[in-house]
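For the sequence shown, the working numbering begins at 31 and goes up steadily by one.
Where is the CB? At the ideal position from N, CA and C, for every residue including glycine.
Everything below concerns the one structure shown next.
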Amino acid sequence: MQLIDIIPNLTEENNELEYKGILNRDNTLSWLKTVDGFANAEGGVFYVGVEDKTLKLIGYDQKSLDGEKLFFHNELSNHFSIMPSYFIETIPYKINNSIRYIIKITINESSKKPLILRHQGMPMIYVRRDGFTSPATEEEIRNMVLNSDFPSFDK
């Protein structure tokens, strides 16, 4: 079963859309940078439990689902001093007479840019562009700071 079977009209990954089969526990940077990139760009939707190339549903049972959502929240708390704004939805689907779930995480554009991801003690800033998450350039970081809602030094 594929994602398009339960949510029609979805496209391939782009600036506002990302798919992950799992939240990799051995390499959290692989998906934390996507969260940072969405927050530092225009926001985006992150589906977990969906293979990114085939859009095949992997999904979770109820017990695994709760653990995955808690893991996501805890990792964000551990790696961001300013939490990205997000909303989690669970999408049920039926396969072989059992209910499974995928996770839809909407990451909102941050008003306090740049959001800094700290991984292994290193500060990192990512942006989402051209369907990929990449380190922000110096110019992009300057523009984020200038256009942020942080109070200016004058205030």
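Interface flag, residue i vs chain C, CB-CB below 8 Å
i     : result
ILE52 : No chain C appears in this structure, which consists of one protein chain only.
Inter-residue spacing [alpha-carbon to alpha-carbon] between residue i and residue j
i      : j      : result
ILE118 : GLU169 : 32 Å
LYS185 : ARG172 : Per-residue confidence for LYS185 stands at a pLDDT of 47, beneath the threshold of 50, marking its modelled position as unreliable; no derived number is given.
ILE52  : VAL78  : 6 Å
THR41  : HIS109 : 30 Å
SER140 : ASN177 : 11 Å
THR136 : LYS93  : 22 Å
PRO114 : LEU85  : 26 Å
MET154 : PRO144 : 10 Å
ASP35  : TYR116 : 25 Å
ILE125 : ASN104 : 30 Å
Nearest residue (CA-CA) to residue i, options the options
i      : options                          : result
THR64  : ASN138, LYS142 and THR120        : ASN138
LYS50  : ALA71, PHE102 and ASP96          : PHE102
ILE121 : ASN57, GLU81, ARG158 and TYR90   : TYR90
GLY73  : PHE162, ASP179 and ARG158        : ARG158
LEU106 : ASP66, PRO165, ASP160 and VAL175 : ASP66
Identity of the residues DSSP links to residue i by a beta bridge
i      : result
LEU145 : Paired residues: none, contrary to the question.
GLU48  : PHE76
SER164 : VAL157
LYS86  : GLN32
Beta-carbon separation (whole angstroms), residue i vs residue j, contact threshold 8 Å
i     : j     : result
VAL75 : GLU98 : Wrong, their Cβ atoms sit about 16 Å apart, outside the cutoff.
Length at least 4, wholly inside the stretch 89-144: the alpha helix (DSSP H) runs in chain order | 92-109
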